[in-house]
Amino acid sequence: MNKKGSEKKRHVVPWLNKAEWEQVRDYLFSMDSSQQRFALERISAWRARCTDSFPLTVESTAYLVRCQMRDRSGQLTGEDLIMMYAMALVKFVNLTLQSRLCNL
4 MNKKGSEKKR HVVPWLNKAE WEQVRDYLFS MDSSQQRFAL ERISAWRARC
54 TDSFPLTVES TAYLVRCQMR DRSGQLTGED LIMMYAMALV KFVNLTLQSR
104 LCNL
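Going by the numbering used here, the sequence shown opens with residue 4, and the numbers climb by one from there.
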């Protein structure tokens, strides 16, 4: 008997389960900097586990959250913040273009 139609395809992801994914998502968008820091640390661990391609949306969001955290800390000058946000946006564009080119 062929079960191809009813079989679930497995997709390997770097997070442990859906609960961890949702916790990190919620913590990233929290206004609590300790929760954001925890989420960024989890994302770094996920990136280390992921050998092929890391999800573009997660990578880009992490860069922007890092910028926001440094912005709120008040430790950087206006010019440094502009450069940091610009780098995050350039990284997003590069990752987007790279993923589209790989799919051609």
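Think of the CB as a built atom: it goes at the ideal place given N, C-alpha and C, for glycine as much as any other residue.
Can you name the start and end residues of the alpha helix (DSSP H) that M34 belongs to?
M34 -> no alpha helix (DSSP H), and no H or E assigned at all.
Spatial distance of R28 from R40 (CA atoms)
Taking the straight line joining both Cα atoms gives about 12 angstroms.
Is L92 closer than 8 angstroms to T64 when the C-beta atoms are compared?
Contact: no.
Using only alpha-carbon positions, find the residue among A48, S36, R69 and P58 that is nearest to H138.
Past the edges of the chain, shown from 4 to 107, lies residue 138, and the structure says nothing about it.
Should L43 and R69 be called a contact, given that it needs their Cβ atoms to be closer than 8 angstroms?
Taking 8 angstroms as the Cβ cut-off, L43 and R69 qualify as a contacting pair.
Supposed close pair L98, E62 - CB separation, criterion 8 angstroms
Cβ atoms of L98 and E62 come within 8 angstroms of each other, at about 6 angstroms.
For R75, count neighbouring C-beta atoms within 10 Å of its own C-beta (all shown protein chains included) and say buried if the count is 16 or more, exposed if not.
Within 10 angstroms of the beta-carbon of R75 lie fewer than 16 other beta-carbons, which makes it exposed.
Would you kindly check if the distance between the Cβ of L100 and the Cβ of M87 is under 8 angstroms?
Result no, Cβ atoms of M87 and L100 do not sit closer than 8 angstroms.
Let me know the secondary structure DSSP gives G77 once reduced to three states.
Reduced to three states, the DSSP call for G77 is coil.
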